[in-house]
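Note that this note's numbering numbers the sequence shown so that position 386 is 1685, with each residue one more than the last.
Take a look at the structure set out below.
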Amino acid sequence: GEARGEATGVAAGEASGEATGEATGEASGEATGEASDGEATGEAAGEASSADDDDIDIDADVDDDAEVLADAAGDAGSSDPASRGQDGVHTVPGLLGLVLTELRRRAERGAPGSWGPVILTTPAALGVVGRVALRDACDLAGLSVARFILRTTAIGLEHRARRVARGEVFEGPTPVLVIDHGHGSFEVAVVDLDDAGLEVKAVEGLGELGGWAFCERVVEWLRERFTDGEATAFDATIRERMLDAASKAVARLSEAEEVELHLPFLSADESGPRHLRETLTQARFTSLVEDLTRRCVDAMRRVLDRAGVRPEQLDAIVMAGGCSHLPCLQEQVETLCKREPLLELDDAACARGAARLAAGLGDADDDDDERSLRVRERVTHPLWIGDAKGGVVELIPRGRPLPVRVEHRLTERRALYHEGVDASGALGQPLGFVAPGRSPTTAFLFDESHALSISSGRVTLPLEDAPGLSPVERAAAIEAARADEAAYVRARVSAERRERLERWLGRAEQLLADRRPPAEGDGEASPTDRVLAPLEEALAGVREALAEGDDARLEQSDAALAELLDALPGDIAGHIRREPSPVGRDRFPRVSTLEEEEPQEAEDDSAPESGKVGKRPPPRVA
């Protein structure tokens, strides 16, 4: 879950070899781990809350999800050219594309049907480079993106929907402070809710203040306690176990005053094995993360100032994400805003909010509230351009409503900068360079998804020397991804065909075994025998094809058996073809497809004795 987003992102960043690769990887990894982010924190909290007392024994083994993800990404990436660039190094879009491809395939197995464009939620800390990498990853995964929206926007939409469902009516813009504190980042926004939808007034995201940063403080504390402050060996295995224990302890501290961490056999020396047992109290944890919570509060103040809203003017404070349950952060929010925050939203609130916007992009003639939903966001990162004197000029400031378009006169090739000026007054790495076109002015556009496009007249200008995939690398990666998808589809169709034939074969054989034996003295075949005789012949061919395992032979047997079933009576063919319940077939069931339990038929002395209890007996063919 939470390791899935960050671990993949960090691996992508390290492998990219670019100066901004790690930051892009972490932010994009958090963006792709939308659903997993909250789910993992919730699972950890659920495991901890099962203890009967406040003290729990946490043995920090390596997280299974992290191992599975690392193995999957490593195995797939080692043989899949779609995840690698021209130099053979893993790229950020390539690794993210592997994760998104697996997510899409699981979704398709759980909810079959045609899939249209998707909506992705992203943290506000994700800039232009991260969104380009994420969009490239979606292309590699075969996903068409309708729109990117911020996580805080999606949470605000879900909060608004709940209030509308309770019958509330918004009399003008209603300011709400939305806080999303998950594992990957700390996001805060002021949004105005009204009858038409939602408008973001100000937003800020800080990737360095995510839940991972809080866990790192606990790891450092455990390290000092374990090494007694000495600079002794501290390998990756020890750190991994400490990090796993810290994550579980932080989740447990959401509802407990203290938690005991026990890591047996953490290391060994000349005296024998060494164990670690420490008690982390709520007060100790608060002191460890005091500066982090203070920076979170400072971000809230900045957002309120940019939105022009005083704390007492807020109608509600909505908190979501795993770290939103930490008492140390809740107290700071309550002190700043003079009211208790709302914690009614669960880990899936962000996904549900995005789904409401997806409904709003559907049929505009529908009278449902979501169909006419209006969502307007603002620029999260300013855009700067170099000038002739070696300085910079701000093209698009932070906070401008989206979409926004500005024109600038270009006379020579200039560098573009994102993020603006940092605390030291220096600009970040350039986004790339733009050269003047034939038109005297160049237009810069941020669309509703925060995507940047540059044009001169009617001609789109490329961003030269931009980080990320080059056009050649992108085309090669997409071609490799399409080939991989085609091979996957062929393998899946073959596996489904074999599974279907085995299922049909088993039911048909059971049906033939359960039929009433012919009466003694009958000189000619009964109508039942004449009906089922071709079925017996076809089943022999199916058995041979399954034993041989040749795809072409299986395809022929599948077509022949399907044609034969079409000619059989409807009750017999329907019994053989009946699909199994989707529950248990995949770990991604869609609730709307769950079938109600079939009522058991009354016992009948004439029914076949082989019918299993609780299941519909096969049709009688006498």
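Note that CB positions come from ideal geometry on N, CA and C, so glycine has one too.
Look at the beta carbons and you see the region 1431 to 1446 not touching the region 1478 to 1489: under three pairs across the two are nearer than 8 Å.
When C-alpha distances from residue 1636 are compared across 1620, 1470, 1602, the shortest belongs to 1602. Nearest to residue 1575 by C-alpha distance, out of 1524, 1446, 1534, is 1524. A contact between stretches requires three or more CB pairs, one per stretch, nearer than 8 Å, and the region 1507 to 1520 fails this requirement with the region 1451 to 1464. When 1608, 1627, 1556 are compared, the shortest CA-CA separation from residue 1587 is found for 1627. From the listed residues 1868, 1843, 1830, the smallest Cα separation to residue 1857 is found for 1843.
Non-local C-beta neighbours of residue 1619 in its own chain, meaning closer than 6 Å and more than five positions away in sequence, comprise 1454, 1479, 1644, 1648, ordered along the chain. A check of alpha carbon separations from residue 1689 across 1716, 1471, 1494 identifies 1716 as the nearest.
Around the Cβ of residue 1534, a 10 Å sphere holds fewer than 16 other Cβ atoms; the residue is exposed. Assignment of beta-bridge partners to residue 1566 by DSSP yields 1573.
With 16 or more neighbouring CB atoms inside 10 Å of its own CB, residue 1629 falls in the buried class. With fewer than 16 other beta carbons inside 10 angstroms of its own, residue 1415 counts as exposed. With the rule of 3 Cβ pairs closer than 8 Å, the region 1763 to 1774 does not count as touching the region 1802 to 1816.
Around the C-beta of residue 1604, fewer than 16 other C-beta atoms lie within 10 Å, and the residue is accordingly described as exposed. Here residue 1496 is actually not in contact with residue 1641; their C-beta atoms are around 20 Å apart, not less than 8 Å. The beta carbon of residue 1418 is closer than 7 Å to those of 1445, 1446, 1448, 1653, 1656, 1657 in its chain, skipping five residues each way along the sequence.
With a cutoff of 8 Å on beta-carbon distance, residue 1483 and residue 1422 are scored as near each other.
Between residue 1632 and residue 1593, the alpha-carbon positions lie close to 10 Å from each other. In this structure, residue 1485 places its C-beta atom within 8 Å of the C-beta atom of residue 1595. In the same chain as residue 1691, and ignoring 5 residues on each side of it, the C-beta atoms closer than 7 Å to its own belong to 1683, 1684, 1685, 1716, 1726, in chain order. When the five nearest sequence neighbours on each side are left out, the beta carbons in the same chain lying within less than 7 Å of the beta carbon of residue 1864 are those of 1872, 1875, 1876, in order along the chain.
Counting only runs of 3 or more residues that sit fully inside the region 1410 to 1459, the beta strand (DSSP E) segments are 1417 to 1421, 1444 to 1449, in chain order. If the five residues before and after residue 1581 are omitted, its C-beta is found closer than 7 Å to the C-beta atoms of 1552, 1556, 1557, 1626, all from its own chain and listed in chain order. Per DSSP, the unbroken alpha helix (DSSP H) holding residue 1797 starts and ends at 1770 to 1812. The beta carbon of residue 1694 sits closer than 7 Å to the beta carbons of 1682, 1683, 1684, 1705, 1707, 1743 from its chain, once the five residues preceding and following it are set aside; these are given in chain order. Only buried fits residue 1435, as 16 or more other CB atoms lie within 10 angstroms of its CB.
Under the three-state reduction of DSSP, residue 1390 is assigned to coil, being neither helix nor strand. Rounded to whole angstroms, the separation of the alpha carbons of residue 1750 and residue 1451 is 18 Å. Distance from the Cα of residue 1456 is smallest, within the candidate group 1499, 1429, 1424, for 1499.
Of the residues assessed, residue 1443 falls on the exposed side of the cut-off, its CB having fewer than 16 other CB atoms within 10 angstroms. Here the alpha carbon of residue 1709 sits roughly 9 Å from the alpha carbon of residue 1738. Straight through space, the alpha carbons of residue 1402 and residue 1781 are spaced by roughly 16 Å. Scanning the region 1581 to 1634 for uninterrupted alpha helix (DSSP H) segments of 4 residues or longer gives 1581 to 1587, 1589 to 1606, listed from N- to C-terminal end. The C-alpha of residue 1494 is placed about 8 Å away from the C-alpha of residue 1471. For residue 1488, there is no enclosing alpha helix (DSSP H); the enclosing beta strand (DSSP E) covers residues 1485 to 1492. For residue 1536, the enclosing alpha helix (DSSP H) covers residues 1535 to 1551.
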